[in-house]
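Chemist: Chains as they are written, first to last, in our numbering: chain A, 5 to 568; chain B, 21 to 717. Yeah, the Cβ is synthetic: ideal placement off N, Cα and C, and Gly gets one too.
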């Protein structure tokens, strides 16, 4: 049974998240609109210096295509750097363990993974990558991939709020402001807390010690705290160590566990509020936030119920396999739900060992496209796909050409939203199918039956959603998986970003129709229900068969006394 | 609506139309036509594949699936054909009016020669006399005639057409009843108004509207997703069969996969989409409104602001006597009697209304002019009075009754030594302030009282505007009246805003201003000076009685020339969009039940403990359908029949109520969203029971 103390912790978590959302959201809106805040005197010089050094005119406006090319060029540059750093790792400094160069396919996979804010890790950090690569390559991408997500959301909200213009902002400005004013200060603050609680931050090599039993054990170390802070805040999730936040040196105490969990959703949640302010639709933003929170809470409830229900095979309720004794069931499940909602992907327990339905919840969270808070910025622009679909289908029912916040939704927007909805699903379904019937795909499996299927499915759902968490149990560092998963991450990221930028450009050009009583309302409880219905039905219809053949049949088999 | 409109001469769905539609439905199997509808094209391809399989492996199950898949396409074709059929029948009726006409062409030297109407060119002059059918659209350049326009409007009462004013345009196909006119032809052969109507009602040049295009994109995207879902399913099943050691354990033959695909893709809305569009235009035609494009009909639903002319739309068009105010110490009855007497010879609507009011209020029967031995004084611009004089007759003294403007009557009585009472002046000022016209009545030197003449607002119009307001539509009244009068009428009619002392350029400016604020503007007009505004408005309805310029500037023509029609047009536009949205929602919601029918049927046996027991996934068979085959067949049958069941709804349109968006949404969601989830569960279960009882499986 779940204890009162656990319930109190869960409620406390939700309340803190709710309370921090408005002030942080408001602050970010000010920052992104270039207003002065208390941070301006502290880090303003860094913003100005960056513009000066790189020759950016922060007031220059871009149309959507220019914005897109700037974003793509920047991302491609990031990819190239990370790829080369890994490929020539042995020739670079800060490599105390003298780790070898990384294979082409793993380097490709990892570079794509960190550029796309996925942080899928086909490698184990401590035995694959040097401190240098982790710091200069991965941590930098942790910042800028998160900032890219925020930038896209900003472009979108400008497209909605502005009228009869082609300007949707400046990618470089958005990128610099998100990094300098939001991600950097928060990460520094968080790193200090983490270090004070015992998360390691050192350049010294791994320590070999003698345990009480007299055995020799190697303890991996490294500059971890600084990377942990941003991997949690920026919905990245890529652990410094393979065990991610289940490892005591990444996540030492209940306090760090709470803060790390909070930062899974914090920025994404606050950005919904920022969206509301910038789109001048606060009530609408709260409705969207409510839908996200409802889905988060529902997933959590189902997951907890499933974990605390007695497994008829083992006779255990609240099984601890794959979970940290320091955190227990509730905190592990909260993390698993939050991390799959947030497109973060860091873990403090092994999802492979969860009950079938908890696994199903994690997978659904990702398959819906990471829209339950989602990645920083990415959650809100991903949600926009469903908002537009809802507005379009239901909007017709009030007898007007559908309008969203005064902008008419016409065939161009529908086409782009449809593409953004379609592409990640295409990736998940086709690649999973290929893996299911090919030698190379099946070779990676460590488990049989429906659980094996879930492992493959989870990997592609995780990469398409740019989540990066793994069901484990799948040996993914093969050329086959590295390549397919890498391509899948690219589709999941840019297959959504590019259509969304196109929508931003198209909406910006339109006039704003004033709201009247004949307009389809997007700030009501009813709209919330509709949005929820659209998400669930479209998501369920797309993924019902795969869910059935994976976790659902596993659940039924478990009830019949068979486990995998 | 007029009972004799050409449209209503055809019943809603006569047997003839149904038979013709069935024939056309088969013709629509032509791949060239099918490919226009991506959803149904996929169904047709699927049906073709299963047909091919039936020739290889003709199990009863496969044959039945194949038949029902073909039926699905047929039903969708039928829906479109029946929607078109109604228009075609109308077009036939119209074409009869255009039978070989001979025109009397005026030659350069003033003579005339007979030519076929088809040879007439723009700019030719033709002569029409009583009994002639007007051979082409044109403008009267000489003469006046009464014209029977019933061929176009269905209205049998003749109308007067006259050169040189707003009523100078005539339409080809209408008939001159009296007099002689010369017409200058204004349309090229083949592009006359009648030709345009025919091609519109036939739907031959129907183009998809913007909204329909957007919806088609969405439906295509859903089709692609489901194509993917179904195409990847065999791979997942293959893995599961291997994992459970049950090779071939799942029911994933090609016909079953195609059945699943057809059930999942939005065939309901895909099959009915074009029928909805065609019948939307058709409904407009039934209201005697011809839209030049579907785009215009759709835009009507989006209108935010309606510009309405006061006269004829909001008010009856004539001022009417509504009340008598007697002067002090005068019986109201005496006032009424005098007012009636003075108005007996007054044939203007105002004069008649005085007679009627007196009759209604004091049972004073309208006496015949001839019976009254008086001398009637007609209204003149100099005296600004009218009235009646009775000569001295026996005991009776000479009576001289006058009615007219306050100033004129004041002069009239004071000249005779009478006084104009202060109280009467107060009443006069009061009436004027309310926006009505005071008419003072006097007998000899005595002022009897005041008649209030009022611009009478049409009955029920206030409620109409209130409904529009709830729909989120703002109404703006346009009038030539002074601001005071305009404000009073605006308040009484309940319009949101008005433009007083309006000139044509004011209308145009107002439309541009509203559009600059992102609003869609609808207006109705008839005069040539309305043409720029009609062209600028997003929805411009020209009255058929209006000038050629107005008719060409607008994107709709109202054959009844009834200005209130704009409101109905807006409602039809909204209905069009609502029907599409409702059926799309219904179609998507249906998929939930179909999944629960087909997925357990396909994979229910996987991971079974033994070959005799059901697999764990048969727990998903929540409808408890008899067998996998019956489940799949039931879903396919339901999917096909629901198209037929919804044809009447598609043709009629979702019921429209003038309430706010939120209530409309709630209602439609309940019916088509929640209903769309529940109904197929019941339908599929029933069909399953029936096909099992009939031993079809």
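For residue 355 of chain B, which residues of its own chain have a beta-carbon under 7 Å away from its beta-carbon, when the five flanking residues on both sides are left out?
Modeler: Around residue 355 of chain B: 344, 346, 461, 468, 469.
Chemist: For the putative contact between residue 535 of chain A and residue 390 of chain A, defined by C-beta atoms under 8 Å, what is the C-beta separation to the nearest angstrom?
Modeler: Correct: roughly 6 Å between the Cβ atoms.
Chemist: Quick one: Cα of residue 763 of chain B to Cα of residue 352 of chain B, how far?
Modeler: The structure shown does not extend to residue 763 of chain B, since chain B spans only 21 to 717, so no value can be given for it.
Chemist: Can we say the region 597-605 of chain B touches the region 646-661 of chain B, given the rule of at least three CB pairs closer than 8 Å?
Modeler: In short, these stretches do not touch, since the Cβ pair count stays below three.
Chemist: Measure from the C-beta of residue 548 of chain A to each C-beta in chain B and report whether the shortest distance is under 7 Å.
Modeler: It does; some Cβ of chain B falls within 7 Å.
Chemist: Starting from residue 466 of chain B, trace the beta strand (DSSP E) in both directions and tell me its first and last residue.
Modeler: Element bounds for residue 466 of chain B: 466-477.
Chemist: Which residues in the same chain as residue 611 of chain B place their Cβ atom closer than 7 Å to its Cβ, once the five residues preceding and following it in sequence are excluded?
Modeler: Same-chain partners within the cutoff: 284.
Chemist: Mind checking if residue 284 of chain A is an interface residue toward chain B, Cβ cutoff 7 Å exclusive?
Modeler: For residue 284 of chain A, the answer is no, since every Cβ of chain B falls outside 7 Å of its Cβ.
Chemist: Does the distance from the CB of residue 98 of chain A to the CB of residue 147 of chain A come in under 7 Å?
Modeler: Result no, Cβ atoms of residue 98 of chain A and residue 147 of chain A do not sit closer than 7 Å.
Chemist: In whole angstroms, what is the alpha-carbon distance linking residue 543 of chain B and residue 333 of chain B?
Modeler: C-alpha separation (whole angstroms): 11 Å.
Chemist: Within the continuous beta strand (DSSP E) that includes residue 125 of chain B, where are the two ends?
Modeler: Where residue 125 of chain B is concerned, the enclosing beta strand (DSSP E) stretches over 122-126.
Chemist: Ignoring anything shorter than 3 residues or poking outside the region 454-484 of chain A, list the beta strand (DSSP E) runs there in chain order.
Modeler: DSSP runs (the beta strand (DSSP E)) wholly in the region 454-484 of chain A: none.
Chemist: At 9 Å on the CB atoms, spell out the chain A contacts of residue 688 of chain B, in chain order.
Modeler: Those are 398, 401, 402, listed as they occur along chain A.
Chemist: Looking at residue 300 of chain B and residue 596 of chain B, is the spacing between their C-beta atoms short of 7 Å?
Modeler: Going by C-beta atoms, residue 596 of chain B is nearer than 7 Å to residue 300 of chain B.
Chemist: Going along the chain, which unbroken runs of the alpha helix (DSSP H) with 4 or more residues stay wholly within the region 400-438 of chain B?
Modeler: Fully enclosed alpha helix (DSSP H) runs of 4 or longer: 426-435.
Chemist: Buried or exposed, going by whether 16 or more other CB atoms sit within 10 Å of the CB of residue 200 of chain A?
Modeler: So residue 200 of chain A ends up on the exposed side.
Chemist: Should residue 660 of chain B go down as buried or exposed, given a rule of 16 or more other Cβ atoms within 10 Å for buried?
Modeler: Answer is buried; the Cβ neighbour count reaches 16.
Chemist: Just checking my contact of residue 508 of chain A with residue 160 of chain A at CB under 8 Å: how many whole Å lie between their CB atoms?
Modeler: So it is a contact: roughly 5 Å between Cβ atoms.
Chemist: State yes or no: is the beta carbon of residue 564 of chain A nearer than 7 Å to at least one beta carbon in chain B?
Modeler: Closer than 7 Å to some Cβ of chain B, the Cβ of residue 564 of chain A qualifies, so yes.
Chemist: With respect to the alpha helix (DSSP H) encompassing residue 30 of chain A, which residues constitute its N-terminal and C-terminal limits?
Modeler: It spans 8-36 - the alpha helix (DSSP H) in which residue 30 of chain A sits, taken as one unbroken run.
Chemist: Can you look up residue 181 of chain B in the DSSP assignment and give me helix, strand or coil?
Modeler: Correct three-state label for residue 181 of chain B: strand.
Chemist: So residue 682 of chain B contacts chain A; which residues on that side make the cut at Cβ distance below 9 Å?
Modeler: Here the neighbours are 402, 521, 524, 525, 528, 530.
Chemist: Looking at the structure shown, is residue 267 of chain B part of a helix, part of a strand, or coil, going by DSSP?
Modeler: In this structure, residue 267 of chain B counts as coil in the three-state DSSP scheme.
Chemist: At a Cβ cut of 7 Å, what residues of the region 499-522 of chain B count as close to chain A, listed as they run along the chain?
Modeler: Cβ contacts with chain A come from no residue of the region 499-522 of chain B.
Chemist: Is the distance from the Cβ of residue 139 of chain A to the Cβ of residue 227 of chain A below 7 Å?
Modeler: Yes; because the gap between Cβ atoms is below 7 Å, this pair is in contact.
Chemist: Would you say residue 142 of chain A faces chain B, with C-beta separation under 7 Å as the test?
Modeler: It does not: the Cβ of residue 142 of chain A has no partner Cβ on chain B nearer than 7 Å.
Chemist: Measure the C-alpha to C-alpha separation of residue 458 of chain B and residue 362 of chain B and round it to an integer number of angstroms.
Modeler: Each residue's Cα considered, the two are about 15 Å apart.
Chemist: Flag residue 419 of chain A as yes if its beta-carbon sits less than 7 Å from any beta-carbon of chain B, otherwise no.
Modeler: Yes, residue 419 of chain A lies at the interface with chain B (some Cβ there is under 7 Å from its Cβ).
Chemist: For a contact defined as C-beta to C-beta under 8 Å, what are the partners of residue 379 of chain A on chain B?
Modeler: Here the premise fails: no neighbours, minimum Cβ distance about 23 Å.
Chemist: Would you mind telling me which residues of chain A sit closer than 7 Å to residue 537 of chain B, beta carbon to beta carbon, in chain order?
Modeler: Those within 7 Å of residue 537 of chain B in chain A are 518.
Chemist: Does residue 405 of chain A come within less than 7 Å of chain B when only Cβ atoms are used?
Modeler: Cβ-Cβ to chain B under 7 Å: yes for residue 405 of chain A.
Chemist: Can you list the residues of chain B that residue 541 of chain A reaches, using a CB-CB cut of under 8 Å?
Modeler: Ordered by position in chain B, the residues that pass the 8 Å Cβ test against residue 541 of chain A are 608, 609, 611, 612.
Chemist: Does residue 260 of chain B have its Cβ less than 7 Å from a Cβ in chain A?
Modeler: Chain A contact via Cβ: present.
Chemist: Between which two residues does the beta strand (DSSP E) containing residue 616 of chain B stretch?
Modeler: First-last for residue 616 of chain B: 585-623, but that is the alpha helix (DSSP H), not the beta strand (DSSP E).
Chemist: Output the boundary residues of the alpha helix (DSSP H) element that contains residue 5 of chain A.
Modeler: Where residue 5 of chain A is concerned, there is no enclosing alpha helix (DSSP H), given that its DSSP letter is neither H nor E.
Chemist: Which class does residue 401 of chain A belong to by DSSP, given the choice of helix, strand or coil?
Modeler: Residue state, collapsed to three classes: coil.
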